[in-house]
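Engineer: Take this note's numbering: the final residue in the sequence shown is number 132, and no numbers are missing along the way. Beta carbons: idealized from backbone N, C-alpha and C, even for Gly.
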Amino acid sequence: MNKNIPKIIAGAGLVVGTIFGVLAITKGNSKGSNNPKYLDDPGATDPSFDPKQIANDIHEVMRVVNWTNGDKNQIILTAFTGLSQSQFAQVVKAFGLRSYNTVTGSDSTPFGLFLTKQPLKVWLKEEMSTSDYLLLKEKFKKYL
């Protein structure tokens, strides 16, 4: 029996849970929102908007090494769909600086080597395809 099967099952569970978490959060942030002001009004508020949760969910998606790039990109783009500039800024702030391994593209490292802490901008640029990153950059020019 392969010793990695329990790890694979646990990893798959984490991935599926993260996807559902991101989708649940972003559902309230879609263009079909009941609050039409919400999309582009920096002063508008949405009680279901939680920048810390979005930042953590996006981090979890990006730090998992075994995603196909298309799946990862789609989840990230979905998470940011419908966010206003001010909401995206709140997510950037909530993300803060997180350890990033530029070799493996995650926050893990062999032998406990030191990792540089990077902002969301760097994580997104490194983890997403160039075309998808440019889509986000076009929408959130001020922050990417």
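Straight-line CA distance for V91 to L132?
Structural biologist: Numbered from 1 along the sequence shown, position 103 holds the residue referred to as residue 91. Numbered from 1 along the sequence shown, position 144 holds the residue referred to as residue 132. Roughly 22 Å separates the two Cα atoms.
Engineer: Count the other CB atoms, across all protein chains shown, that sit within 10 Å of the CB of F76; report buried if there are 16 or more and exposed otherwise.
Structural biologist: As a first step, residue 76 must be located in the sequence shown, where it is residue number 88. Counting Cβ neighbours within 10 Å, F76 comes out buried, since at least 16 surround it.
Engineer: Look at Y88 and L103 and say whether their C-beta atoms are less than 8 Å apart.
Structural biologist: Here residue 88 refers to the residue found at position 100 of the sequence shown. Here residue 103 refers to the residue found at position 115 of the sequence shown. Yes, they are a contact pair.
Engineer: Taking just the CA atoms, how far does V110 sit from E126?
Structural biologist: Walking along the sequence shown from the start, residue 126 turns up at place 138. Walking along the sequence shown from the start, residue 110 turns up at place 122. Straight-line Cα distance between these residues: approximately 16 Å.
Engineer: Name the DSSP beta bridge partners of T104, please?
Structural biologist: Position 116 of the sequence shown, counted from the start, is the residue given in the question as residue 104. Paired residue(s): Y88.
Engineer: Hey, would you say L124 sits closer than 8 Å to F83, going by beta carbons?
Structural biologist: Here residue 124 is taken as the residue at index 136 of the sequence shown, counted from 1. Here residue 83 is taken as the residue at index 95 of the sequence shown, counted from 1. Going by C-beta atoms, L124 is not nearer than 8 Å to F83.
Engineer: For D38 and D59, what's the separation of their Cα atoms in angstroms?
Structural biologist: Indexing the sequence shown from 1 puts residue 38 at position 50. Indexing the sequence shown from 1 puts residue 59 at position 71. Rounded to the nearest angstrom, the two C-alpha atoms are 23 Å apart.
Engineer: Using only the alpha-carbon positions, how far apart do I42 and P35 sit?
Structural biologist: Sequence index remark: in the sequence shown, residue 42 carries index 54 (1-based). Sequence index remark: in the sequence shown, residue 35 carries index 47 (1-based). Whole-angstrom Cα-Cα distance: 14 Å.
Engineer: Please report how far the alpha carbon of K105 lies from the alpha carbon of S119, in whole angstroms.
Structural biologist: Here residue 105 corresponds to residue number 117 of the sequence shown, with the count starting at 1. Here residue 119 corresponds to residue number 131 of the sequence shown, with the count starting at 1. Distance between the alpha carbons of K105 and S119 is about 25 Å.
Engineer: Tell me which same chain residues have a C-beta within less than 7 Å of the C-beta of Q78, skipping the five on either side of it?
Structural biologist: In the sequence shown, the residue the question calls residue 78 occupies position 90. Here the set comprises P39.
Engineer: Within its chain, find whatever has a CB closer than 8 Å to the CB of E115; leave out the 5 residues flanking it on each side and keep chain order.
Structural biologist: On the sequence shown, residue 115 is found 127 positions in, with the first residue counted as 1. M50, K60, I64 and G93.
Engineer: Please state the DSSP three-state secondary structure of Y121.
Structural biologist: On the sequence shown, position 133 is the one that residue 121 refers to. Note: Y121 maps to helix in three-state DSSP.
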